[in-house]
Amino acid sequence: MIQAFPPLIAAGALAVAALFVVTARRPAVGCMVLAIAIPLTGGMARGSVVPLLRVNEALLLIVAAGMLVHELPRRRTLTFTGLDLAVIAFSLGGVLLPWAVIKLSAGDADTTTWLTILSPVQYLVVYLLFSRVDLSERDLRLLINITLLSSVIVALVALAELANAPGVRQVIAGYYPPPPRAPGDVSTVYRPTSLLGHFSAVGAFGLFNMILALALAAARHKGFRSIWLGAVMALNVAAILATETWAPLLAAPLAVLIIVLYARHVPWQLGFAPPAFLGAVIAFWPSVSARLLEQRGVRGSLLPESMQVRVGYWQDFFVPSLLNHQAWFGTGTLIPSEVPRPLVEFVDNGYLWMAYRAGVPGVLLMLLVLGAIAVAGLRLRDGLQPWHVALGASCLAMVVSVALLEVTSEYLTFTSVSQEFWMLVGLLGAALTQRHPAGARFVALSAQPPGRLHRRGLPVR
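Note that the working numbering has the sequence shown beginning at 7, numbered continuously upward.
Here's what the structure looks like:
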């Protein structure tokens, strides 16, 4: 057994070295690797491949290191737009505030807690990578096609899971552990987790990629085949239905409306979605009908049963415990003992979780960054480039969807969902800089003489 490890370790070390070298030479390639590899490995457990780390964290470290080596010999002015500052404030605030609370209160934080506290650093790294990488038009088109391809793979695996194709569920359970069941959950309906490790992540990932494909079609982007975009929409809509996760299903029509109004165009490819949705309902009707029966509200409530349970937990345990322990600055991600231990992992509300993490300032920073992304997306609406219109529409629809989704769970903590969200926000930041290279408001940091910066049109603060 021991002798079997050296070849695997050698192969892994070779792959790491290759990715680092390729990224150091061409950072765009490293970003493309992230776009395909993270969704395909997002559901793997921490430490299953790399000690202490998740696969996505290891990949991100390698690509970030390669990008840093690529940039070091180049003397470039560091510019920070308003969107950059909002993302930096949100990410660093989400780390420094809980760190200070833990240190000042002498809280009992283990390794898992510290990894949770540091997790927003990943958001910032992904954002900075994709907002600073130099992408040619061909590179950008390939990156987006790879992103859409990853969603197709995730969707097909989810559909195969729900259809109980031979061996699929066994392979997924072996390599991508399913999420723990919430206390009191007696559901008997199988919900596919695909390669992402959670059925809710599959639903949100499908929603994001449906949004991206629709926005590209609505913007009349000539660089993407029409049939391909329609197929991506169809498969992701079917995957959202397959997960039987209501939040993405309810957010999807609103996202479609936002994109159509933003682009002022209803693409014919949108017609692929309704037949795909109806076909999935018919094909998986036994599972869908069973889920509907389980989710019927009680006592005349319009809320589904699972949402009623969550509201009960929030009212009875989570909100009172937060108010009794540092409501202003949070608890440093530590859940107080008043909350029953089986419920600790099921806060199921992104805003409430942020309040535990960083208190009122954390929630305000979260609202700030979501608002900044929405405003940045709107600024691209009148762009002449189809890519800018598609990106602006995508980010606006996604940020509105996230604002709604976070009410029902911590969607931005799901690996692949978070990766795609911050990737597209990073590309949004890059697009804003390209569109307004001299007129945008930003801070410039450079060791170069101020006169040279002024000749480039860069205001020095």
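Glycine is no exception: its CB is placed at the ideal position from the N, C-alpha and C atoms.
Taking residue i and residue j to be in contact with their CB atoms under 8 Å, please state how far apart those CB atoms are, rounded to whole angstroms.
| i | j | result |
| --- | --- | --- |
| Ser97 | Val127 | 6 Å |
| Ser400 | Ile217 | 5 Å |
| Phe214 | Phe427 | 7 Å |
| Val243 | Ala279 | 5 Å |
| Val369 | Met360 | 5 Å |
| Leu235 | Ala219 | 5 Å |
| Ala210 | Pro254 | 5 Å |
| Val132 | Gly432 | 7 Å |
| Val353 | Leu376 | Rounded, the Cβ-Cβ distance is 19 Å, inconsistent with contact. |
| Leu65 | Ala41 | The Cβ separation is near 11 Å, so there is no contact. |
| Cys37 | Leu149 | 6 Å |
| Leu168 | Phe283 | So it is not a contact: roughly 14 Å between Cβ atoms. |
Once the 5 residues before and after residue i are set aside, which same chain residues still bring their CB inside 7 Å of it?
| i | result |
| --- | --- |
| Pro184 | Thr199 |
| His227 | Pro392, Trp393, Ala396 |
| Ser312 | Gln301 |
| Ala446 | Here the model assigns Ala446 a pLDDT of 45, short of 50, so the residue's position is not dependable, and the following value carries that caveat. Closer than 7 Å at Cβ, skipping near neighbours: Thr87, Leu438, Thr439. |
| Ala161 | Gly212, Leu241, Asn242, Ala244, Ala245 |
| Ala23 | none |
| Trp320 | Asn355, Leu358 |
| Arg363 | Gly100, Pro104, Gly336, Thr339 |
| Ala51 | Pro183 |
Taking the beta carbon of residue i as the centre, do at least 16 other beta carbons fall within 10 Å, making it buried, or is it exposed?
| i | result |
| --- | --- |
| Gln275 | buried |
| Ala240 | buried |
| Glu412 | buried |
| Leu25 | buried |
| Arg197 | buried |
| Glu2 | Because the chain is modelled from 7 through 467, residue 2 falls outside the range shown and cannot be assessed. |
| Leu341 | It should be noted that the sequence gives Ile, not Leu, for residue 341. By the neighbour-count rule (16 or more Cβ atoms within 10 Å), Ile341 is buried. |
| Leu402 | buried |
| Pro79 | exposed |
| Ser142 | exposed |
| Pro281 | exposed |
| Asn330 | exposed |
| Ala17 | exposed |
| Ala19 | exposed |
| Pro189 | exposed |
| Gly53 | exposed |
| Leu135 | buried |
| Pro13 | exposed |
| Ala70 | buried |
| Ala248 | buried |
| Ser295 | exposed |
| Arg297 | buried |
| Val287 | exposed |
| Gly49 | buried |
| Pro5 | For the chain, the structure presents residues 7 to 467; residue 5 sits outside this window and is missing. |
Who are the Cβ neighbours of residue i in its own chain at under 8 Å, not counting the five residues just before and after it?
| i | result |
| --- | --- |
| Val2 | Examination of residue 2 is not possible in this model, given that the chain is present from 7 through 467 alone. |
| Ala378 | Gly88, Leu89, Ala92, Val93 |
| Leu410 | Ala253, Leu256, Ala257, Leu260 |
| Val163 | Val174, Ile178, Pro198, Ser200, Leu201 |
| Ile159 | Pro45, Leu46, Leu201 |
| Val325 | Leu358 |
| Leu374 | Ala92, Ala95, Phe96 |
| Ala333 | Ala361, Gly365, Val366 |
| Phe323 | Glu344, Val345, Pro346, Leu349 |
Using C-beta distances below 6 Å, list every residue in its chain close to residue i, excluding the 5 sequence neighbours before and after it, in chain order.
| i | result |
| --- | --- |
| Val35 | Val28 |
| Ile108 | Ala115, Gly338 |
| Gly229 | Arg147 |
| Ser293 | Val195 |
| Ser415 | Ser206, Asp354 |
| Ile398 | The sequence shown places Gly at residue 398, not Ile. So the list reads Gly383, Leu386, Arg387, once near-sequence residues are dropped. |
| Gly389 | Val395 |
| Ile327 | Checking the sequence shown, residue 327 turns out to be Ser, not Ile. Closer than 6 Å at the Cβ level, and outside the excluded window around Ser327, lie Pro342, Glu344, Val345. |
| Met372 | Met360 |
| Ala221 | Ile265, Ala396, Ala399, Ser400 |
| Ala225 | Ala269, Pro392, Val395, Ala396 |
Distance cutoff 8 Å, beta carbons only. Does residue i sit that close to anything in chain D?
| i | result |
| --- | --- |
| Arg187 | The structure shown has no chain D; it contains just one protein chain. |
### Query
For the segment 242 to 310, which segments carrying the alpha helix (DSSP H) assignment without a break, of at least 4 residues, lie completely within its bounds, in sequence order?
252 to 269, 279 to 289, 291 to 300
### Message
Extract the residue ranges of the beta strand (DSSP E) inside the segment 384 to 410, only unbroken runs of 3 or more that lie entirely within it.
### Response
none
### Query
Which ranges would you report for the alpha helix (DSSP H) in the segment 418 to 445 if only whole runs of at least 4 residues count?
421 to 441
### Query
What runs of the alpha helix (DSSP H), each 4 residues or longer, lie entirely inside the segment 106 to 151?
117 to 124, 126 to 138
### Residue ranges of each alpha helix (DSSP H) within the segment 43 to 99, 4 or longer
61 to 77
### Every unbroken beta strand (DSSP E) within the segment 331 to 365, with a cutoff of 3 residues, ordered by chain
none
### Task
Would you mind listing the alpha helix (DSSP H) stretches within the segment 184 to 233 that are 4+ residues and don't spill past its ends, in chain order?
205 to 224
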